[in-house]
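*Asks:* One structure is given below, represented as C-alpha cells, and several questions about it will come after.
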Amino acid sequence: MTMVNRMIAATLAAALTVASPAAWAHSYREKGVAAPIADTALTVTPARDWNRLSGKPGKVAETWTLDGEQLNDVTFYAGVVPGEPLLRERNRKRAPLPKFTTATLLAEIPELLEGTYRAFKGIGTFAVTSSQPGRFLDHDAVTFAYDYLDADQLPRRGEAVATIVDKRLYMVTFDAPRLHYFGRGVADYRALVAATRLAAAPAPGQGGGR
C-alpha cells in the first residue's frame, strides 16, 4: 500500500469512527427527480442518486451525502430569514450562533459561515481561501472556498455559494476531508448547485389567500 493510500485509509477510518449511527439514516433522492429542500420552494433535480440525512440541521436546512456525512456533506440553506442562525443552536447561552440579518451583505456571508462553524463545531482553525462574485438562483451571489480542522482532527475543505432573495439567505455548502474526498466530490456538488431552482413567489392576489 502506498503512502497516499495509507493516508486515505486513515482519513476514512477516522471519519467513520466519529460518525454516529443516526447520521447515516437517510432517504433516497433519485437521479432526475426534482426534490424540495426542507419543505420550501427550493428544489434540486440531481444528476445522480443521493442520500438525504434524516433531521434538519437548521429550520430550513437539510444535508445530502453520497458516502456519509463525514466524507461528503452538501448542506442546503433554503431561505434563512433575518434574525435566525444558519443551524439550530445547541446552547444559546454558552455557544450562541451568529444570525443572518437584514444588514448582512453578500460579501459577509463567508464570515457568517465561519462564525457558525466555529461556534457549532467548536473549531479553532478556519480560513476562507477565496471569495468572488457569482450567480445563483438567477441572482448575484458570492462563491467562496475554505479550509478548517474539525473536531475529528482531519483537515477539511469546503466550497459554498450564497445569494439573498427577498431578504432571505439561500446557500449550498460542500464539506469533505481535504485529502482525496474533496477533489472526488466537488464536481457532484457543483452539479447540484447548477440544478437548484427557486419557485417564483405568487403574484399579489394569487395563492395564499384567506
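Letter by letter, the sequence shown follows residues -25 to -1, 1 to 185 in mature numbering (1 follows the signal peptide of the UniProt record, and there is no 0).
Even for Gly, the Cβ is constructed at its ideal location relative to N, Cα and C.
Please read all numbers here as calculations on a predicted model, not as lab measurements.
1) Please confirm whether residue 194 and residue 151 have their CB atoms less than 9 Å apart.
2) Can you give me the start and stop residues for the alpha helix (DSSP H) that residue 160 sits inside?
3) Just verifying my parser: in three-state terms, what is the DSSP assignment at residue 109?
4) Note down the Cα distance separating residue 109 from residue 160, rounded to an integer number of angstroms.
5) What is the residue span of the alpha helix (DSSP H) that residue 94 lies within?
6) Would you mind working out which of 104, 43, 140 sits nearest residue 113, comparing C-alpha positions?
7) In terms of residue numbering, what span does the beta strand (DSSP E) encompassing residue 30 cover?
8) Just grab the DSSP bridge partners of residue 78 for me.
9) Measuring CA to CA, which of 61, 148, 36, 175 is closest to residue 163?
*Replies:* Let me spell this out:
1) A question about residue 194 goes unanswered here, because the residues of the chain that appear run from -25 up to 185.
2) 156 to 169
3) strand
4) 20 Å
5) 84 to 96
6) 140
7) Careful: residue 30 lies outside any beta strand (DSSP E) and carries neither H nor E.
8) In DSSP, residue 78 forms no bridge with anything.
9) 148
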